[in-house]
Every structure is written in structure tokens, then in C-alpha cells.
Amino acid sequence: MALQIVTDSTADLPDVVARELGITVVPLTVFFGQEALLDHVEISSPEFYRRLVAERGFPRTSQPSAGRFQQVYADLAALGATEILCITISSKLSGTLGSARLAASEPPPGCIVYTLDSLTVSGGLGMLARAAAEVAAGGGTALQAAEAASRLIPRHQITIMLDTLEYLRRGGRIGRAQALVGGLLKIRPLVRIEGGEVTPLERVRTRQRGIDRLFEIVTSTAELDRVILEHTGCEDDAAHLAARLKAALPDVPIEVGWIGPVVGAYAGPNGLGAITIQRVSEAG
Amino acid sequence: MSTGGDADRPSEKSVLTADPHDNSPLTGAQIRELFAAAAAWLEQNAAAINAINVFPVPDGDTGSNMADTLRGTIDPPSTGEQSAGEVTAALARNALMAARGNSGVILSQILRGFAEATAAMERLDGPAIAKALAAGSLAAYAALEHPVEGTILTVVRAAAEAAEKAEGAEPRSVLEAALSGARRALAQTPDLLPVLKQAGVVDSGGYGLVVILEGAVRFLRGELQPESGHAIEAIRPEWLEGTAATHGSGSPFGYCTQYVLSAPTLDPASIRERLRAIGDSILVVGDATALRVHIHTDDPGEALKHGTRLGVLAGIKIDNMQAQYDRFTGDIGASPTRDDARPATPTLAVPVISTVVVISGRGFTEIAGSLGTSRIVDGGQSMNPSVKEILTAIEETGSAQVIVLPNNKNVILSAEQAAKLAGREVAVLKTTSIPQGLSALLAFNEEKGLKENVIAMQSAAGAVRTVEVTRAARPVQLNGVSVKEGEPIGLIDDVLAVTGDSPEETLLTALQRLAPAPGAAVALYYGASVQQERVTVLQVRLHERFPHQEVETIAGGQPFYDYILSVE
Chain R
0 MALQIVTDST ADLPDVVARE LGITVVPLTV FFGQEALLDH VEISSPEFYR RLVAERGFPR
60 TSQPSAGRFQ QVYADLAALG ATEILCITIS SKLSGTLGSA RLAASEPPPG CIVYTLDSLT
120 VSGGLGMLAR AAAEVAAGGG TALQAAEAAS RLIPRHQITI MLDTLEYLRR GGRIGRAQAL
180 VGGLLKIRPL VRIEGGEVTP LERVRTRQRG IDRLFEIVTS TAELDRVILE HTGCEDDAAH
240 LAARLKAALP DVPIEVGWIG PVVGAYAGPN GLGAITIQRV SEAG
Chain A
0 MSTGGDADRP SEKSVLTADP HDNSPLTGAQ IRELFAAAAA WLEQNAAAIN AINVFPVPDG
60 DTGSNMADTL RGTIDPPSTG EQSAGEVTAA LARNALMAAR GNSGVILSQI LRGFAEATAA
120 MERLDGPAIA KALAAGSLAA YAALEHPVEG TILTVVRAAA EAAEKAEGAE PRSVLEAALS
180 GARRALAQTP DLLPVLKQAG VVDSGGYGLV VILEGAVRFL RGELQPESGH AIEAIRPEWL
240 EGTAATHGSG SPFGYCTQYV LSAPTLDPAS IRERLRAIGD SILVVGDATA LRVHIHTDDP
300 GEALKHGTRL GVLAGIKIDN MQAQYDRFTG DIGASPTRDD ARPATPTLAV PVISTVVVIS
360 GRGFTEIAGS LGTSRIVDGG QSMNPSVKEI LTAIEETGSA QVIVLPNNKN VILSAEQAAK
420 LAGREVAVLK TTSIPQGLSA LLAFNEEKGL KENVIAMQSA AGAVRTVEVT RAARPVQLNG
480 VSVKEGEPIG LIDDVLAVTG DSPEETLLTA LQRLAPAPGA AVALYYGASV QQERVTVLQV
540 RLHERFPHQE VETIAGGQPF YDYILSVE
């Protein structure tokens, strides 16, 4: 295909989906102490959360190098790509876009590389990459793919209930969600990704209350097209919420998936998130 | 803490030569050693650099990333003689692959420029090093779409400029000049980048570059002992606090969308007019065939669509406003529009809305403080503060809008009286128990307005039911049972409701009466007079009687009431 879509591993795309849609995924790295593991490649989500809980540490993460992106671009160009659209995790959360852009400034011969700041992460980023890949499969150009992906940015919203803010704080991604700190009381913070960064929504006293809020948020979303539920190790809660939502919204497709290791390093274990995706109008 | 000595730094001897360099031009092998020494020095100082990392993402890893990058550039010593150019070329090649983090990437570009300028050289003298630093600085700027001053860029440029003006021509005096230039520039970074000033730190990437130059100079001086100011001692506690404080910065805007639009004929004025419908801060600059378009909008897709109707788009960039703002105006030399002329970071001034909480008990006071209460009024033994005490607390907040939580029905009136005298907008919530007050505080959102907060907080408080267990101050009749003075009694929402053989039994009966719904939050606050053993026993009994109910147990430290329990 003349147009190839590249994203990074924080899109948390299942391998089979990425392969089927022809999306090339560049992995970030997660570190347990000195042990470096390629996100999704050398460590799976279930294994990551098992270790996160067992080892009680705060893993570090690191963006792919520009050289890594350069290699990926070169490989795709060698396979015949004349245009590459690389969509990355929000630049407010990671420096990945910087590497992708730097590599794009010296593209392989005969190939143009575009980069797009997704301003989102995980299932949100995955959805943008999928939309771009559909345009590529239909013979579209990189700019058409970028437009299709960009239109989804303001049409989706990620709300996550965390078990604790500690991982976000230690990882330097807490941003304005600092306001949700519960002090000496046990609370569950609900945060959002807005404008590409973590923002506070509210704090509730119990996990059940938090899950109920996610339910309310999803069911009160106008023009709801579909829902992605994502979790950091609490599969049962995700499945249970999915069942409740299916009963309440029988016509809305609901996907359930794992938040991957790199994003999980900041979300911490037992987080549950809902991504609401509104319909994108074809007119105008 | 020890201030140093050989014993603390076993790694130093392995990388630093014992003799000062003889001032002759550097050979390939010497350059390799110099970089290895600089990498080791950087590694030792990585923690201090991490501690001040606030820009562009405050993730505290600049030092580690730069150290990883620089270490990754060093090849093992070669067996044959290598020219200076061969060694710098290898460094630059390795750096691109090893680069981690934004600062690591920029460092790799500096090395690339350095290598290009020294490609054909057998050995490096002082002027060659100065030229190479200048080339490194240029390469770093060129690699970035939006170079930001007050960062490692400013520092490397200053280092190169100072190196060029060095008095001596030998490597050491040139690098010493570069180091002092870099240090001066580093000290100025807070004046160039507001986020640094707000955090009270210098730029972490720039600091990393200073440390690298320090390492190089120390290598040439043959210094085994580190200079003053190193490693852990270099972390100042206020840096860490400053770093934490910048986590509060955020963007008030939507999405910043930019692209370059090309077409045979373009009319900037009509494009501007059309874009006005979907956003603001519109800039359309360029000529009739190529325009740079910039808009702040909540619908970047729509902004792109406008462009695709007219011509071919390139350089699409959708970004968060706040970080974008400074870079963009610097980039195209545009003067900020009125709307853009906001401070790049919020100031740490008096909050617009403050909270004043009347509370008693040490534990409760600490909890209220930990939830970010602006002012706490000690209700004292009888929860009966004076109007003046409340008024003083309201005034001390300095805020134009204040929300007061009386947390007792006998305090509401005093609070309302104080509100009338305060000469500012004061809302008094009708919270009648401390748990109600805490739930209201949890619902407080400093980013929302007064009205919205009052509604959210009142509703949170309204969802709380409170049990208070104390002892009868006088004989009372309760549901036909007479309770003697000193016997346990339980109040539910301020109404005398239950009694029991012990305070614990009374509490369990009261909770039974409330019958919490599944998923309800139950919190138990024990008083100042209650010993830990009694609490432990009560926890076991709570679990027996309400096996599915999670109960959070907290030391409230309140007087008179053995237990205060809330269900919401």
C-alpha cells in the first residue's frame, strides 16, 4: 500500500487487530528497576499488572528513540510506502511525538512522513490509528487519513476511575488531577484526558460509587456511537460494567480491553476506564 | 551526610586520568575518554537533574535519559589508532539510536553537529572544539520545529559563544570558557521560561549540559576529587516542591491546530473570515500560494476540512494550547492577540474560592487539612466558635469568594452572621455533622464557580447520614426505655435514636437501623477517649454483623463522642 499507518504501543492495539489493519506499532519501553521491557512485545498486560502488584514498585517508562522510528519508516518505504502517517500518544504525556517527528525530518527516499499528535492515549489512540488505517485501506492519502483521525479527537472522551493517584504522581503525569488527592481519606479519583493531558473530574468514596459514575457518564452521553471499556487488571469489574451498559444501551457496541503496560505504569492497578465515542457527522 | 571523598566514588578512578591533560590537541582516544568521563559525571548527577525536571513534561527523568543517552554513545576502546573525526562520528551515530527523552534527543543532535564539524580532523585543538560546539548548537536548533529558549538550547548556544571568545587556544581553556558561559546561561533559564520560574528551578536539560561540560573540564584537569556541589547534595528540597507545584499548571484553551496550505491562489482574508466561525486566535500568514494557518478551536477536524477544500495541506499539527503558545509566537514572530496574552502558567496566588471549615478533634483537623481546606476554625470541646473566630478565618483566606462549612447545627447561625460581616461573597452550607462537612469538601472543585460548588457540596453533604455515639448527660426516655445519666446513647442525624449496653453495641444497633445499601461508603471515626483495642474489637464485630460492608476506620480524635459514623 502506498500509505502506511504507524502508531506507538500505547495505542494498546491487540496484535491481531494491528496485523489485520496493517498498522505498524513502535513500542515504548517499561522499566522494572534496571530491567527494560518493550511494551506489549516483551511484557503482556496481564503479566505487567501481576508484577506491578507483586513488586510494589513504580516502573519508569521511556519513549522510542528517533532511530527506532527512522528504522520503521525505512522498512515501510522499502516495502513500497510512499506516504507514512505516524500517530502518537499525546505530546503532553510522552516525548514519543518528538522522536517520531525528528525521524520524520529525514524521511527515507521517495517517501513523505507525516506525524499527528493524537492528544489521547490507549483505546483513544488505537481508535485514531484504526480510522487512519481504514482510509489507507480504501486507497486514501495521508492527509485524508490524518483528517479522519483528527475528527475523532474531539468526539471521544476518556474517563478513568483509579484506585490511587500515587502512580500518576510518581510518574509526573498527575497535572491538575493533583486537586483530587484524598489526603487521609481513602478516595477513588475519576480523571479525564482533556486537551491531551490528565485532568480532574471528581473523587468518590467507594469503588462501587466510581463504577456507578462511569455508568452514568456513558449512559448520559449524547450521540453515542460506541463505547470502549478498559481496565488495568480488573477484568471482572470491566465485564460487569459492560453487561450493565449492554442492558441499558442495547444498540451501542461495547468493547472491553486491557490498558497496556506503559499507560498502566501511570494508572496503577485496578483502574477502570470508559471511552465514549460520539458519532462523527459526515456532513459539513 | 558525607560530603565526598574517594570512598564514596569508587567509579571515578576507573574513568578519570590522574594527570592533567598536557594542553596538546586531543587525539581520538582522548576524546573518547573525555566523553566517557563526562558520561560518568553525568550519571553521578542524574538524580539532581531528575529532581528539577518540569519542562516539557514534569516526569523527573531528564537526568536519567541524558545519562543513558551519553553512555550509549561510547564505543569500547578501539585497538587501532582512531582519528578525532572517526571517534566523533561514532559518538554521533550511536547517539541517535541511544537517545532517550526530549533532552536525550536534543543531546544527540548536538553531538551530530559536533561530529559534522570535526569529520576530517586528526586531532582537536581549542578553536576546533569551539567550532564544533557552535555546529552542535546549530544542529540542535535546526532539529526542532519550535525551539524554546530557556532550555538546553539556550545553554548550548551560550557555551558555544563563550568557547569562541576563549582566551587560550588549548582544549582546556576553551572548554572552561564554554562551561562558564553555560553556567551563566543556565542561571538565566528561569527568566526565559515561566514554568521554571514558577517552580523555582533552572532548566533540567540545560543543567545536564552544564554537568557534561563539567565532566569534560574535570577530565582535562585530571581531577579525581569532585568539585563542590555534586550528586545528592545538589538537590535542593525547594526544587522538589517547585516541581510538584507545576503539576498544577494546565490549559484553559481547546485545541491548537496548525497547517500549511498550498494552492495556486489563496486569499488569506477570506480564509480568516471562514475560520472565525469555529475558533479564535486565528493567524493566517504567508503569500498567495502558501499559507501558514493557525487556529484555536474545539473542532480541529473542521479546521482541517476548511483547508482541504482550498488546497493541499502539509505540516498538520494539533496540539495542546498552553505548551504551544510560547513556541508558536516565537516561531513566526507574531505578536500575541489579546486572547493569547494570558500568562503561560497560572500564578500560585490566592485561590478564587476558599473553604473555611469548623471542626474539632485532632484527627478530623488533620483530615480537613489534607483535603486542602483553606482555613480551619477549631470548634473546641463544644463545637461553638465565636462569630469573630469564623469571620477572622474568612478574612484570612484573602479570597473574594468563601464557602463556610459549620458542621454543626448550632454553628450555622454564627457562620451566617460572620458571612454578613465579611464584606465579600460568602456561602454558608448547612452541614450539621463533621462527616457531612468532609463529604462536602471532597466534592469541592477549585476549577468550578461558587454556585456550582455550593450545589455539588450541598448535595454531597445531603447524601450523608451520621451516627454519633456518646453518653447521656442526663436521664432520658427513649422509645419507652429510660436511659440513665452516663449510659451510651446513639443519635442518628442529630436525633436521639438508640441505646445499648456499650458504646460499641449502640453503634452496631444504629448502623443496623440505617441499613446501608450495597456499595455505600461507611466511615467510622473514633474519638479521643477510645483506645485502639476497643476499635479493633469493634472492627471484628462490624465485619461479623455486616460482612459485605467495607468500613473505613479513621482516628477522628473528637471529644465527647466515642464514635462518629457516616453512611453515604
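Chains as they are written, first to last, in numbering that gives the first Met the number 0: chain R, 0 to 283; chain A, 0 to 567. Cβ coordinates follow ideal geometry from the N, Cα and C atoms, glycine included.
Practice task
Check whether the Cβ of A:R464 lies closer than 8 angstroms to any Cβ atom in chain R.
Solution key: Working through the second sequence from its first residue, we reach residue 464 of chain A at position 465. A:R464 does not count as touching chain R.
Exercise for the section: Say whether chain R places a C-beta atom closer than 8 angstroms to the C-beta of A:A262. Expected result: Here residue 262 of chain A is taken as the residue at index 263 of the second sequence, counted from 1. Taking a beta-carbon distance threshold of 8 angstroms, A:A262 does not count as an interface residue toward chain R.
Exercise for the section: Can you give me the start and stop residues for the beta strand (DSSP E) that R:E82 sits inside? Expected result: In the first sequence, the residue the question calls residue 82 of chain R occupies position 83. Start and end: 82-87.
Practice task
Taking 8 angstroms as the cut-off, decide whether the C-beta atoms of R:A241 and R:T218 are in contact.
Solution key: Taking the first residue of the first sequence as 1, we reach residue 241 of chain R at position 242. Taking the first residue of the first sequence as 1, we reach residue 218 of chain R at position 219. At a Cβ-Cβ threshold of 8 angstroms, R:A241 and R:T218 do not count as neighbours.
Problem - Straight-line Cα distance separating R:P199 from A:H295 - result: What you label residue 295 of chain A is simply residue 296 of the second sequence in a count that begins at 1. What you label residue 199 of chain R is simply residue 200 of the first sequence in a count that begins at 1. Going by C-alpha positions, A:H295 is about 22 angstroms away from R:P199.
Practice task
Evaluate the contact criterion for the segment 19-28 of chain A versus the segment 182-192 of chain R: three or more CB pairs, one atom per stretch, below 8 angstroms.
Solution key: Short answer: they don't touch.
Handout entry: Under the three-state DSSP convention, the category R:E46 falls into
Key = Your numbering for residue 46 of chain R matches position 47 in the first sequence. In the structure shown, R:E46 sits in a helix (DSSP, three-state: H, G or I).
Handout entry: Contact set between the segment 178-197 of chain R and chain A, restricted to residues whose Cβ is under 8 angstroms from the partner
Key = Residues of the segment 178-197 of chain R with a Cβ closer than 8 angstroms to any Cβ of chain A, in chain order: A178, V180, G181, G182, L183, L184, K185, I186, G194, G195, E196.
Practice task
May I ask which residues mark the beginning and end of the alpha helix (DSSP H) holding R:F214?
Solution key: Counted from its first residue, the first sequence places residue 214 of chain R at position 215. Counting along the chain, the unbroken alpha helix (DSSP H) around R:F214 starts and ends at 206-218.
Handout entry: DSSP three-state assignment for R:Q277, whether helix, strand or coil
Key = Taking the first residue of the first sequence as 1, we reach residue 277 of chain R at position 278. Per DSSP, reduced to three states, the secondary structure at R:Q277 is strand.
Problem - Within 8 angstroms, strictly: CB atoms of A:Y524 and A:D561 - result: Start at 1 with the first residue of the second sequence, and residue 524 of chain A comes out as number 525. Start at 1 with the first residue of the second sequence, and residue 561 of chain A comes out as number 562. No, Cβ-Cβ distance for A:Y524 and A:D561 is not below 8 angstroms.
Practice task
Could you check if R:E82 is buried or exposed, using at least 16 other CB atoms within 10 Å of its CB as the buried criterion?
Solution key: For the purposes of this step, residue 82 of chain R is taken as the residue at position 83 of the first sequence. Under this definition R:E82 is a buried residue.
Practice task
Look at A:L428 and A:Q400 and say whether their C-beta atoms are less than 8 angstroms apart.
Solution key: Taking the first residue of the second sequence as position 1, residue 428 of chain A is located at position 429. Taking the first residue of the second sequence as position 1, residue 400 of chain A is located at position 401. A:L428 places its beta carbon 8 angstroms or farther from that of A:Q400.
Exercise for the section: Pick helix, strand or coil for R:P26, following the three-state DSSP scheme. Expected result: As a working mapping, residue 26 of chain R is identified with position 27 in the first sequence. Coil.
Handout entry: Simplified DSSP assignment, three categories, for A:I277
Key = Along the second sequence, read from residue 1 onward, the residue named residue 277 of chain A stands at position 278. Reduced to three states, the DSSP call for A:I277 is helix.
Exercise for the section: Within the same chain, show all residues whose beta-carbon is closer than 7 angstroms to that of A:S425, passing over the 5 residues directly before and after it, in chain order. Expected result: The residue given as residue 425 of chain A occupies position 426 in the second sequence. It should be pointed out that residue 425 of chain A corresponds to Val in this sequence rather than to Ser. Cβ within range, chain order: I393, V401, V403, A418.
Handout entry: Burial state of R:V52, where buried means 16 or more other Cβ atoms lie within 10 Å
Key = Within the first sequence, numbered from 1, the residue matching residue 52 of chain R stands at position 53. By the C-beta density criterion, R:V52 is exposed, having fewer than 16 other C-beta atoms within 10 angstroms.
Handout entry: Contacts of R:Q156 in chain A (Cβ-Cβ under 8 angstroms)
Key = By 1-based counting over the first sequence, the position of residue 156 of chain R is 157. None at all; the shortest Cβ gap to chain A is about 12 angstroms.
Problem - Minimum length 4: unbroken alpha helix (DSSP H) runs contained in the segment 347-408 of chain A - result: Counting only unbroken stretches of 4 or more residues, the alpha helix (DSSP H) elements lying wholly within the segment 347-408 of chain A are 361-369, 386-396, in sequence order.
Exercise for the section: Measure the Cβ-Cβ separation of R:I284 and R:T95 and say whether it is below 8 angstroms. Expected result: With chain R represented from 0 up to 283, any question about residue 284 of chain R goes unanswered, as that position is not in the structure.
Practice task
State the Cα-Cα distance for the pair A:T354 and A:Y206, rounded to the nearest angstrom.
Solution key: For this step, residue 354 of chain A is matched to residue 355 along the second sequence. For this step, residue 206 of chain A is matched to residue 207 along the second sequence. Rounded to the nearest angstrom, the two C-alpha atoms are 40 angstroms apart.
Exercise for the section: Find the residues of chain B that neighbour R:S98, judging by a C-beta separation of less than 8 angstroms, and give them in chain order. Expected result: In the structure shown, chain B cannot be found, because the protein chains are R and A.
Practice task
Determine the closest residue to R:E46 out of R:I258, R:A273, R:I274, with distance taken between C-alpha atoms.
Solution key: Stepping through the first sequence from its first residue, residue 46 of chain R is reached at position 47. Taking R:E46 as reference, the option from R:I258, R:A273, R:I274 with the minimal CA-CA separation is R:I258.
Exercise for the section: Establish whether the CB of A:I515 and some CB of chain R are separated by less than 8 angstroms. Expected result: As a position in the second sequence, residue 515 of chain A is number 516, starting the count at 1. What sits at residue 515 of chain A in the sequence shown is Pro, not Ile. Between A:P515 and chain R, the shortest Cβ-Cβ separation is not below 8 angstroms.
Practice task
Decide if the segment 111-125 of chain R is in contact with the segment 84-92 of chain R; the criterion is three or more beta carbon pairs, one per stretch, under 8 angstroms apart.
Solution key: The answer is yes - the segment 84-92 of chain R touches the segment 111-125 of chain R, with three or more Cβ pairs under 8 angstroms.
Practice task
Could you check if A:K483 is buried or exposed, using at least 16 other CB atoms within 10 Å of its CB as the buried criterion?
Solution key: By one-based count along the second sequence, residue 483 of chain A stands at place 484. A:K483 is classed as exposed because its beta carbon has fewer than 16 other beta carbons within 10 Å across all chains shown.
Exercise for the section: Reducing DSSP to helix, strand and coil, say where A:R182 ends up. Expected result: Locating residue 182 of chain A in the second sequence gives position 183, where the first residue counts as 1. DSSP places A:R182 in helix when its eight states are reduced to three.
Handout entry: Where the alpha helix (DSSP H) containing A:A161 begins and where it ends
Key = Counting from one through the second sequence, the residue named residue 161 of chain A turns up at place 162. Per DSSP, A:A161 belongs to the alpha helix (DSSP H) from 151-163.
Problem - R:G174 (DSSP reduced to helix, strand or coil) - result: Here residue 174 of chain R corresponds to residue number 175 of the first sequence, with the count starting at 1. Of the three classes helix, strand and coil, the one that applies to R:G174 here is helix, per DSSP.
Problem - Inter-stretch contact (C-beta, 8 angstroms, three-pair minimum) for the segment 30-43 of chain R and the segment 64-79 of chain R - result: Output reads no: the segment 64-79 of chain R does not touch the segment 30-43 of chain R.
Problem - Neighbour-count burial assignment, A:Q511, 16 or more Cβ in a 10 Å radius - result: Here residue 511 of chain A is taken as the residue at index 512 of the second sequence, counted from 1. By the 10 Å Cβ count, A:Q511 comes out exposed.
Exercise for the section: For A:I375, go through chain R and note every residue whose CB falls closer than 9 angstroms to its CB, in chain order. Expected result: As a position in the second sequence, residue 375 of chain A is number 376, starting the count at 1. What A:I375 touches in chain R, judged by beta-carbon distance under 9 angstroms, is nothing: the nearest beta carbon there is about 13 angstroms away.
Problem - Where A:E115 sits in the DSSP three-state scheme - result: Residue mapping note: residue 115 of chain A aligns to position 116 of the second sequence, counting from 1. Collapsing the DSSP output to three states places A:E115 in a helix.
Handout entry: Opposing strand residues paired with A:I491 [DSSP bridges]
Key = Within the second sequence, numbered from 1, the residue matching residue 491 of chain A stands at position 492. DSSP output for A:I491 lists A:V466, A:V494 as bridge partner(s).
Problem - DSSP beta-bridge partners of R:M160 - result: The residue labelled residue 160 of chain R in the question sits at position 161 within the first sequence. R:M160 pairs with R:L189, R:L271.
Problem - Interface flag, R:S149 vs chain A, CB-CB below 8 angstroms - result: In the first sequence, counting from the first residue as 1, residue 149 of chain R sits at position 150. Yes - at least one Cβ of chain A is within 8 angstroms of the one on R:S149.
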